[in-house]
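> As given, the protein sequences belong to chains A and B, one line each in that order. Residues 1230 to 1485 in the working numbering are what the first sequence lists, from first letter to last. Residues 1230 to 1485 in the working numbering are what the second sequence lists, from first letter to last. All C-beta atoms, glycine included, are put in the ideal place defined by N, C-alpha and C. Quick one: the structure is below, and I'll ask about it shortly.
2 protein chains.
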Amino acid sequence: MEKLTLIKVGGKIVEEEATLHALLDRFADLPGHKVLVHGGGRSATQLATRLGIESRMVEGRRITDAETLNVVTMVYGGLVNKRIVANLQARGLNALGLTGADMDVIRSMKRPVKEVDYGFVGDVKQVNADLLADLIAKGVVPVMAPLTHDGQGHLLNTNADTIAGETAKALARHFEVTLVYCFEKRGVLRSENDDNSVIPTIDRPSFQQLVSEGIIQGGMIPKVENSLQAVEAGVKAVIITKADAIGLAGEGTTVR
Amino acid sequence: MEKLTLIKVGGKIVEEEATLHALLDRFADLPGHKVLVHGGGRSATQLATRLGIESRMVEGRRITDAETLNVVTMVYGGLVNKRIVANLQARGLNALGLTGADMDVIRSMKRPVKEVDYGFVGDVKQVNADLLADLIAKGVVPVMAPLTHDGQGHLLNTNADTIAGETAKALARHFEVTLVYCFEKRGVLRSENDDNSVIPTIDRPSFQQLVSEGIIQGGMIPKVENSLQAVEAGVKAVIITKADAIGLAGEGTTVR
């Protein structure tokens, strides 16, 4: 199978001119097929503020009422996505911006109301990767915004990490997929404040050990758990690292 | 060659809930391959107003400074486009939202500054329809926003009529294309205020006659001229009609 790298970057990196261009340069230099999944939360909050719409977050997730859904549709699907696409085209990559509604790539279900009503937020139900894989094989580079649809005409705000993970799994039937989660640290760290304490590799047994020792904790537990599940579902490797280490050998934490 | 209908609708129709749904119902019922090109000017003006950005128009064209480009990217490429895509998916059509930057479908050149500096406005240079034709043959329904790119990383605001015409010409190498321009009248009228005076067909000789008689005048001259040029470039027919007459036989003015 041919190799494919799927990179997920947060909003902060793609929203600032300098870090965006550095990221896209590194992304363009990666060999093989590639896919980019992006966030855009800061720009969404900024636009909401300018429009007098309050941004409410619960555990890092945005409460998405009808007006907020319009804001994220404009920012994720329009402003951030199309700016990346145009800038990748300028680097000779045949980028194609997508939400989950486009070509029915990602269907989701509106999250049921329990303690919290998240509003128009979707949990991924199904990734249809066949047409996507076809396009990738023809040299197209999908750029995916964190929006999905429910098949009933509604767009839904969807976590970008989840989109990256589920898309990587679906593409693993067509390519040898490496999934890269960029975040603010150089990798999964042994000591929270020591950037030189990156754990080079994690597998299922060492993960259980690290959790029981309290070395991996908090928000890092679901991140690594999701990575392990992606690997168990056929993704070749998941790398957790900093955006400026994309493409550098030996950087970050590799989950296998 | 297989048949393809390319419909261009203005902003007004796609921006109001009721007319949007009626349009998409009719569009979904059309037989054969299809493409939708949409506007979105009213929503762009509304958003600009809410953001305190002045909308300046010269001869119906929006002066597009950097802030206005962000507004139209959000509204055309995000809000309007993705809402149409999700609603077509709900009707069983495999819609794919596109700007000209996506898959490099439409390259344009920033309009040179003459009497008027239109800012980030693009004049179409080239339509790359091969990948698009491939996708259409596989059942994908492109939904095109009035934005293009210059290949240097810049999005450009571009007239939706032009996008429709140029895309129709490029697709005419792959399909038997009928281009439908929806506007507020039932067709090209003999008497401006008589909706029953639709001229059923126009060709090059009758156009010259109608212009010399003063029956076709003003903004209708370039509309019909562009339609004739599309036909001369291989488009089978151009129909000028009202959105609620889409798909009805014998409605509107057919330019051949």
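Could I get the ranges of all uninterrupted alpha helix (DSSP H) runs contained in the stretch 1249-1287 of chain B, with 4 residues as the minimum, in chain order?
DSSP runs (the alpha helix (DSSP H)) wholly in the stretch 1249-1287 of chain B: 1270-1279.
> So, under 8 angstroms CB-CB, Leu1457(A) and Val1484(A) are touching, yes? Tell me the CB distance rounded to an integer number of Å.
Stepping through the first sequence from its first residue, residue 1457(A) is reached at position 228. Stepping through the first sequence from its first residue, residue 1484(A) is reached at position 255. Indeed, because the Cβ distance is near 6 angstroms, the residues count as touching under 8 angstroms.
> Suppose only complete runs of 3+ residues qualify. What are the beta strand (DSSP E) ranges in the stretch 1395-1478 of chain A, listed by chain order?
The stretch 1395-1478 of chain A contains these whole beta strand (DSSP E) runs: 1405-1412 and 1466-1471.
> Looking only at its chain, what residues have a beta carbon closer than 7 angstroms to the beta carbon of Thr1302(A), apart from the 5 residues adjacent to it on each side?
Locating residue 1302(A) in the first sequence gives position 73, counting from the first residue. Answer for Thr1302(A): Leu1376 and Leu1384, listed in chain order.
> At what residues does the alpha helix (DSSP H) containing Asn1357(B) begin and finish?
What you label residue 1357(B) is simply residue 128 of the second sequence in a count that begins at 1. Per DSSP, Asn1357(B) belongs to no alpha helix (DSSP H) and is neither H nor E.
> So if I threshold CB-CB distances at 7 angstroms, which residues from the stretch 1260-1280 of chain B count as touching chain A?
Result list: Arg1279 and Leu1280.
> Where does Ile1494(A) sit, in a helix, a strand or coil, going by DSSP?
Nothing in the structure corresponds to residue 1494(A), since chain A is present only between 1230 and 1485.
> Under 8 angstroms between C-beta atoms, does Lys1311(A) make it to chain B?
The residue you call residue 1311(A) lines up with position 82 of the first sequence. It does: the Cβ of Lys1311(A) has a partner Cβ on chain B nearer than 8 angstroms.
> Could you pull the start and end residues of the alpha helix (DSSP H) that Leu1325(B) belongs to?
Taking the first residue of the second sequence as position 1, residue 1325(B) is located at position 96. Counting along the chain, Leu1325(B) falls outside any alpha helix (DSSP H), though it belongs to the beta strand (DSSP E) covering Asn1323 to Leu1327.
> Applying the 10 Å Cβ sphere with the 16-neighbour rule, what's the burial state of His1250(B)?
Translated into positions along the second sequence, residue 1250(B) becomes position 21. That one is exposed.
> If we count the other Cβ atoms within 10 Å of its Cβ and call it buried at 16 or more, is Ser1420(B) buried or exposed?
Your numbering for residue 1420(B) matches position 191 in the second sequence. Ser1420(B) should be labelled exposed.
> In this structure, does DSSP put Lys1237(A) in helix, strand or coil?
Here residue 1237(A) is taken as the residue at index 8 of the first sequence, counted from 1. Strand at Lys1237(A).
> Report the residue from Gln1438(B), Lys1398(B) and Gln1275(B) whose alpha carbon sits nearest the alpha carbon of Glu1244(B).
Working through the second sequence from its first residue, we reach residue 1244(B) at position 15. Measuring from the Cα of Glu1244(B), the nearest candidate turns out to be Gln1275(B).
> Please list the partners that Asp1333(B) has in chain A, where partner means a Cβ-to-Cβ separation under 7 angstroms.
The residue labelled residue 1333(B) in the question sits at position 104 within the second sequence. Those within 7 angstroms of Asp1333(B) in chain A are Gln1318 and Asn1323.
> From what residue to what residue does the alpha helix (DSSP H) around Leu1384(B) run?
Position 155 of the second sequence, counted from the start, is the residue given in the question as residue 1384(B). Unbroken run through Leu1384(B) is the beta strand (DSSP E), Leu1384 to Asn1386; no alpha helix (DSSP H).
> Nearest by alpha-carbon distance to Met1373(A): which of Leu1361(A), Ala1474(A), Gly1382(A) and Gly1380(A) is it?
Numbered from its first residue, the first sequence carries residue 1373(A) at position 144. Selected option, being the one with the closest Cα: Leu1361(A).
> Taking DSSP's pairing of strands, which residues face Leu1376(A) in a bridge?
Indexing the first sequence from 1 puts residue 1376(A) at position 147. DSSP lists Asn1386(A) as partners of Leu1376(A).
> Quick check: is the beta carbon of Lys1367(B) nearer than 8 angstroms to any beta carbon in chain A?
Here residue 1367(B) corresponds to residue number 138 of the second sequence, with the count starting at 1. By this cut-off, Lys1367(B) is an interface position.
> I'd like to know if Ala1315(B) contacts chain A, where contact means its C-beta is closer than 8 angstroms to some C-beta of that chain.
Here the question's residue 1315(B) lines up with position 86 in the second sequence. Closer than 8 angstroms to some Cβ of chain A, the Cβ of Ala1315(B) qualifies, so yes.
> Would you mind telling me which residues of chain B sit closer than 9 angstroms to Gly1326(A), beta carbon to beta carbon, in chain order?
Residue mapping note: residue 1326(A) aligns to position 97 of the first sequence, counting from 1. Within 9 angstroms Cβ-Cβ: Gly1306, Gly1326, Leu1327, Thr1328, Ala1330 and Asp1331.
> Could you check whether Thr1297(A) and Ile1282(A) sit closer than 8 angstroms to each other, using their CB atoms as the reference points?
Along the first sequence, read from residue 1 onward, the residue named residue 1282(A) stands at position 53. Along the first sequence, read from residue 1 onward, the residue named residue 1297(A) stands at position 68. In contact: Ile1282(A) and Thr1297(A) (Cβ atoms closer than 8 angstroms).
> Closer than 8 angstroms, CB to CB, is Gln1355(A) near chain E or not?
Among the protein chains in the structure shown, which are A and B, there is no chain E.
> Leaving aside the five residues before and after Met1449(B) along the sequence, list all residues of the same chain whose C-beta is less than 8 angstroms from its C-beta, in chain order.
What you label residue 1449(B) is simply residue 220 of the second sequence in a count that begins at 1. Val1417, listed in sequence order.
> Is there a Cβ from chain B that is less than 8 angstroms from the Cβ of Gln1381(A)?
Position 152 of the first sequence, counted from the start, is the residue given in the question as residue 1381(A). Taking Cβ atoms only, chain B reaches closer than 8 angstroms to Gln1381(A), which makes this a yes.
> So what's Asp1346(A) in DSSP terms, helix, strand or just coil?
Indexing the first sequence from 1 puts residue 1346(A) at position 117. Asp1346(A): coil per DSSP, three-state reduction.
> Starting from the beta carbon of Met1303(A), find every residue of chain B whose beta carbon is closer than 7 angstroms, and list them in chain order.
Mapped onto the first sequence, residue 1303(A) falls at position 74. Per Cβ cutoff of 7 angstroms: Met1303, Val1304, Gly1307 and Leu1308.
> Looking at the C-beta of Asn1299(B), does it have a partner C-beta in chain A at a distance below 8 angstroms?
Numbered from its first residue, the second sequence carries residue 1299(B) at position 70. For Asn1299(B), the answer is yes, since a Cβ of chain A falls inside 8 angstroms of its Cβ.
> May I ask you to verify whether the stretch 1424-1431 of chain B touches the stretch 1252-1262 of chain B, counting CB pairs closer than 8 angstroms and requiring at least 3?
In short, these stretches do not touch, since the Cβ pair count stays below three.
> Start and end of the beta strand (DSSP E) containing Thr1293(A)?
The residue given as residue 1293(A) occupies position 64 in the first sequence. Looking at the DSSP string, Thr1293(A) is not in any beta strand (DSSP E), and its letter there is neither H nor E.
> Who are the neighbours of His1403(B) on chain A, taking C-beta pairs under 9 angstroms?
Here residue 1403(B) refers to the residue found at position 174 of the second sequence. Within chain A, no residue comes near His1403(B); the closest Cβ sits about 16 angstroms away, beyond 9 angstroms.
> Between Asp1423(A), Asp1390(A) and Ala1459(A), which lies nearest to Gly1268(A) when the distance is taken from Cα to Cα?
The count along the first sequence starts at 1 and reaches residue 1268(A) at position 39. Selected option, being the one with the closest Cα: Asp1390(A).
> When DSSP labels each residue in this structure, what does Lys1232(A) get in the three-state scheme?
Start at 1 with the first residue of the first sequence, and residue 1232(A) comes out as number 3. If DSSP states are grouped into helix, strand and coil, Lys1232(A) belongs with the strands.
> Are the C-beta atoms of Leu1376(B) and some chain A residue less than 8 angstroms apart?
On the second sequence, position 147 is the one that residue 1376(B) refers to. Leu1376(B) counts as touching chain A.
> What does DSSP give as the partner residue(s) for Asp1352(B) in the beta ladder?
Walking along the second sequence from the start, residue 1352(B) turns up at place 123. Partner(s): Met1338(B).
> I'd like the list of long-range same chain contacts for Gly1239(A), defined as Cβ closer than 6 angstroms, with 5 residues on each side in sequence excluded.
Sequence index remark: in the first sequence, residue 1239(A) carries index 10 (1-based). Cβ within range, chain order: Gly1268.
> Taking Glu1487(A) as the reference, give the member of Arg1336(A), Ser1284(A) and Arg1433(A) with the closest Cα.
No answer is possible for residue 1487(A): the residues shown for chain A start at 1230 and end at 1485.
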